[in-house]
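To keep things clear, I will list the structure first and then write my remarks on it.
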Amino acid sequence: MASCAFRRSIASQLSKVLDLPPENLIKSISAVPVSKKRHVADFQLSVASVTEDSSSESLAQDLHLQAQKLAERLKCDAVVSEISTGPGTVNFTINRELLAKTVLQQVLKDGSEYGVKSELFSTVPRQKAVIEFSSPNIAKKFHIGHLRSTIIGNFIANLKAALGHEVIRMNYLGDWGMQFGLLGVGFQCFGNKEKLKSSPLQHLFEVYVQINKEADDENVKKLAKDFFRKLEEHDEQTLSLWKQFRDFSIEEYIRIYKRLGVHFDEYSGESFYQEKSQEVLKMLEDKGLLQKTVKGTGVVDLSEKKDLSLFSTVMRSDGTSLYITRDLAAAIDRMNKHSCDTMIYVTDKTQSNHFQHLFQILKLMGYDWAERCQHVSFGLVQGMKTRRGEVIFLEDVLNEVRSRMLQNMASAKTTKEIEDPIETAEKVGLAALIIQDFRGLLSSDYQFSWDRALQSRGDTGVFLQYTHARLHSLEQIHGNKQPTDVNVACLQEPDAISVLQHLLRYDEVLYQSSQDLQPKHIVSYLLTLSRLAAVAHKTLPVKGSAPEVAQARCCLFQAARSVLANGMKLLGITPVTQM
31 MASCAFRRSI ASQLSKVLDL PPENLIKSIS AVPVSKKRHV ADFQLSVASV TEDSSSESLA
91 QDLHLQAQKL AERLKCDAVV SEISTGPGTV NFTINRELLA KTVLQQVLKD GSEYGVKSEL
151 FSTVPRQKAV IEFSSPNIAK KFHIGHLRST IIGNFIANLK AALGHEVIRM NYLGDWGMQF
211 GLLGVGFQCF GNKEKLKSSP LQHLFEVYVQ INKEADDENV KKLAKDFFRK LEEHDEQTLS
271 LWKQFRDFSI EEYIRIYKRL GVHFDEYSGE SFYQEKSQEV LKMLEDKGLL QKTVKGTGVV
331 DLSEKKDLSL FSTVMRSDGT SLYITRDLAA AIDRMNKHSC DTMIYVTDKT QSNHFQHLFQ
391 ILKLMGYDWA ERCQHVSFGL VQGMKTRRGE VIFLEDVLNE VRSRMLQNMA SAKTTKEIED
451 PIETAEKVGL AALIIQDFRG LLSSDYQFSW DRALQSRGDT GVFLQYTHAR LHSLEQIHGN
511 KQPTDVNVAC LQEPDAISVL QHLLRYDEVL YQSSQDLQPK HIVSYLLTLS RLAAVAHKTL
571 PVKGSAPEVA QARCCLFQAA RSVLANGMKL LGITPVTQM
């Protein structure tokens, strides 16, 4: 990684002066974000992070003085061409030609591995992670919360896999419970085997809505109870119908997820843990953790003083399990089966308490690995509607985004004839949805807007796709260039340097996202990269320049496109080559 070589070179000089091992210094040296207003150095060392006295008493002036003293003891060399100080920082400017040469060679040599091979990750152990995300309920709405869970979980899985971790993508379906009694009865009344095969999600949803209107009818209630009891007793006929509901639904989900660019390694579900949740209740009882209430329900005391001021209900009065009991069984089962280092659950923030309880109970049961489980929660989205009204099926959203994008593309003057407009519209539209969703902190709520998401200018997924397509067509026209043949003296204009400086920072941004699992760092990095590339595209023309200059610029744009594509793919976006 280009930035690693530079950081190491700076660290080795600092280590002699400060008498500290270079490894301790590397994380304190960071690439400087590009500024619109002024020319900036390439790297900076924060003095506070390396001084012994890091108490808040060490005032800003002292730090500034320390920075100046430290800078006086450092020398420029073959790598560093200029050393200056800022408020509490020492700034290093890399030899301009070396910067261009190193960055371009590294980006084009590493290809899709640029950034992920950085030594920033050398201390991070490779882990095995189970990531549970999406997890819709059969026969119910696939709401916007499921969509958020799907794209966020996919991003986390992509990022971890790119960094060399082993990832198991898990979809935990709502495929069990009393509602299946109702659905079974509904299907016996209103169901249609053909429709179940051809459009299972829609058909089961309609059947469920219809039977729900009669759910208060005593007779329907009794039939639903009987149906579910038969399911629990593994009655063959009942089970086979339920299995069709599940299998056909999964088949259709797989097809729709494919449109989203998402896949799962395992389709699990609550149904797997029916029996196992009874074993969990027995374990809780054996460990003396299960307490019976007056109403006959079973609870686990989670309070510090053991006075039941905080508890979690794990059993109904009739002895049957609840959602959390099945989650306990699922967690224990996954740990036994996959012996993973971490389990990540991606759901909206209304479930935060549920997961806190889940992890607490697991710890009380003696499972220390519960500390390595994590709930990645996200905020709620208001106002996502399609032309047909509120979102019921994921497919509605995909169709809507595609048709709106096709319309925008048709009315745009710049659109050339593209080979596959429908496919392109879908990929660009999805980029728009994902960027709108990932721009802020995951935990924040936001108001959804089609118009804002699909704007071609501004901080949108459409802008990223447009930039990628433009840079790609530049490569098509002028061919791929090998960085070894490039005269880097031709890349000294400020707009070229800005792109190179920005490419230097990519590994730090990946590191930041890998630490807090927030995609927004990568999003803002890619939006800036696209803006810098757009400016350079204007001010540094390839066409009509001297061959040597044209070649160097081509190489710069190629590097920018490569990193842009890498980042987009991590976010779950498929870069388009025409638009």
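Residue numbering for the sequence shown follows this note's numbering, starting at 31 and increasing by one per position.
Glycine included, C-beta positions come from ideal geometry on N, C-alpha and C.
Query: Ala499, DSSP secondary structure in three states; Result: helix
Query: 3 or more residues per run - each beta strand (DSSP E) lying fully within the stretch 147-208; Result: 158-162, 196-203
Query: Buried or exposed (CB count within 10 angstroms, at least 16 for buried), Asn222; Result: exposed
Query: Residue span of the alpha helix (DSSP H) that contains Met414, given as start and end; Result: It is not in any alpha helix (DSSP H) - Met414 carries neither H nor E in the DSSP assignment.
Query: Alpha-carbon to alpha-carbon, Leu134 and Thr343; Result: 59 angstroms
Query: Residue burial classification, Ile507 (beta-carbon count within 10 angstroms, cutoff 16); Result: exposed
Query: Backbone CA spacing between Asp378 and Asp475 [nearest angstrom]; Result: 10 angstroms
Query: Lys322, DSSP secondary structure in three states; Result: strand
Query: Close-in-space but distant-in-sequence residues of the same chain around Ile448 (CB under 6 angstroms, 5 per side omitted); Result: Thr454, Gln608
Query: Nonlocal neighbours in the same chain, by C-beta distance under 6 angstroms from Val565, ignoring five residues either side; Result: Asp525
Query: Ala108 versus Ala35, Glu102, Thr153, Val146, residue with shortest Cα-Cα distance; Result: Ala35
Query: With 16 other Cβ atoms within 10 Å as the buried cut-off, status of Glu162; Result: buried
Query: 7 angstroms Cβ shell around Ile59 - same chain, five flanking residues per side excluded; Result: Arg37, Ile40, Ala41, Phe73, Leu75
Query: Inside the stretch 71-121 only - beta strand (DSSP E) runs reaching at least 3 residues; Result: 73-76, 110-116
Query: Pairwise C-alpha distance: Trp272 and Glu262; Result: 11 angstroms
Query: Under 7 angstroms between C-beta atoms of Arg561 and Leu484; Result: no
Query: Terminal residues of the alpha helix (DSSP H) in which Met373 lies; Result: From DSSP, Met373 is part of no alpha helix (DSSP H) but of the beta strand (DSSP E) over 372-378.
Query: Close-in-space but distant-in-sequence residues of the same chain around Asp467 (CB under 7 angstroms, 5 per side omitted); Result: Arg178, Ile181
Query: Residue burial classification, Arg583 (beta-carbon count within 10 angstroms, cutoff 16); Result: buried
Query: CB-CB length for Leu392 against Val330, believed under 8 angstroms; Result: About 11 angstroms separates the two Cβ atoms, so there is no contact after all.
Query: C-beta neighbour in chain C for Glu296, strict 7 angstroms; Result: Any reference to chain C falls outside this structure, which holds one protein chain only.
Query: Same chain, Cβ closer than 6 angstroms to Lys457, five either side skipped, listed in chain order; Result: Thr604, Val606
Query: Stretch-stretch touch, CB-based, cutoff 8 angstroms, three pairs: the stretch 481-500 with the stretch 212-219; Result: no
Query: Proximity test, Val154 beta-carbon vs the ligand SAM heavy atom, cut-off 6 angstroms; Result: As for the ligand SAM, it is missing from this structure, which has no ligand bound.
Query: Ser114 to Val70 span [Cα, whole Å]; Result: 11 angstroms
Query: Buried versus exposed call for Gln495 [16 or more other C-beta atoms within 10 Å across all chains shown]; Result: buried
Query: Expected contact under 8 angstroms - CB spacing of Gly118 and Val77 to nearest Å; Result: 5 angstroms
Query: Gly56 - containing alpha helix (DSSP H), residue span; Result: The residue you asked about is not Gly; residue 56 is Ile in the sequence shown. Note, Ile56: alpha helix (DSSP H), 52-56.
Query: CB of Leu332 within 7 angstroms of CB of Gln404, strictly; Result: no
Query: Best match in Arg432, Thr558, Phe408, Leu586 for proximity to Arg417 [C-alpha to C-alpha]; Result: Arg432
Query: Residue closest to Asp140, alpha-carbon to alpha-carbon, out of Ala589, Gly602, Lys599; Result: Ala589
Query: At least three beta-carbon pairs within less than 8 angstroms, the stretch 526-538 to the stretch 565-579; Result: yes
Query: Start-to-end residues for the alpha helix (DSSP H) that takes in Ile59; Result: Here Ile59 belongs to no alpha helix (DSSP H); instead the beta strand (DSSP E) covers 59-61.
Query: Beta-carbon proximity check, Tyr536 vs Val593, cutoff 7 angstroms; Result: yes
Query: Cβ-based neighbour list, Ser339, same chain, cut-off 7 angstroms, excluding 5 preceding and 5 following; Result: Ser333
Query: Minimum C-alpha distance to Glu401 - residue among Pro549, Val411, Leu388, Pro451; Result: Leu388
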